[in-house]
Amino acid sequence: MEKGSSDDTDHISPVTTSCWGGDPYSHDEMAEKAKKYGGKFTDVEFDDVEISNGGYTSKITFNTNRGKVEIDGAEFKKVFNLRAPGYISIKNKLYDIVTK
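As numbered in our numbering, residues 63 to 162 make up the sequence shown, in order.
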């Protein structure tokens with residue numbers, strides 16, 4: 063979340079709901095914004111989650127079309143919760159990722 067202006071983050075919200083006004087970026091607009099940060103991810107596969115001794119998710123690792131990407135656990139939680147539909151969210155600082 064250190065990347066982007068507060069105006070950008072104001073537009074990062076679910077596109078699947080009309081419960082609030084707002085003006086969320088469409089998928090195409092998000093892809094356009096991603097160009098400033100190296101481009102969009104088109105192929106993402108979960109790789110690993112690291113849990114700290116302090117009892118929180120410290121790092122999430124993905125394999126992507128842009129190579130291996132490591133994301134701080136707290137940052138991933140914050141960004142995920144901004145864009146996820148209201149009924150899906152990460153509540154705690156300790157979480158795992160499960161794929162089907």
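Idealized CB from N, CA, C, for every residue including glycine.
The model shown is predicted, which means the values in this text are computed figures rather than measured ones.
Would you check if the distance between the CB atom of residue i and the CB atom of residue j is smaller than 7 Å?
{"i": "D109", "j": "N127", "result": "no"}
{"i": "K155", "j": "Y118", "result": "yes"}
Given a threshold of 16 other Cβ atoms within 10 Å of its Cβ, counted over all protein chains shown, does residue i qualify as buried or as exposed?
{"i": "T161", "result": "exposed"}
{"i": "K153", "result": "exposed"}
{"i": "F138", "result": "buried"}
{"i": "G135", "result": "buried"}
{"i": "F103", "result": "exposed"}
{"i": "E94", "result": "exposed"}
List the whole-angstrom C-beta distance separating residue i from residue j, where the pair is believed to meet the contact cut-off of C-beta under 8 Å.
{"i": "I122", "j": "I159", "result": "7 Å"}
Which of the three DSSP states is assigned to residue i in this structure?
{"i": "L144", "result": "helix"}
{"i": "G135", "result": "helix"}
{"i": "M63", "result": "The predicted position of M63 is uncertain, since its pLDDT is 42 and thus under 50; no value can be drawn from it."}
{"i": "S151", "result": "coil"}
Assuming residue i is part of the alpha helix (DSSP H), what are its boundary residues?
{"i": "D90", "result": "89 to 96"}
Can you give me the start and stop residues for the beta strand (DSSP E) that residue i sits inside?
{"i": "K121", "result": "119 to 126"}
{"i": "I113", "result": "106 to 113"}
Counting only beta-carbon atoms, is residue i nearer than 7 Å to chain C?
{"i": "K155", "result": "Among the chains of the structure shown, chain C does not appear; only one protein chain is present."}
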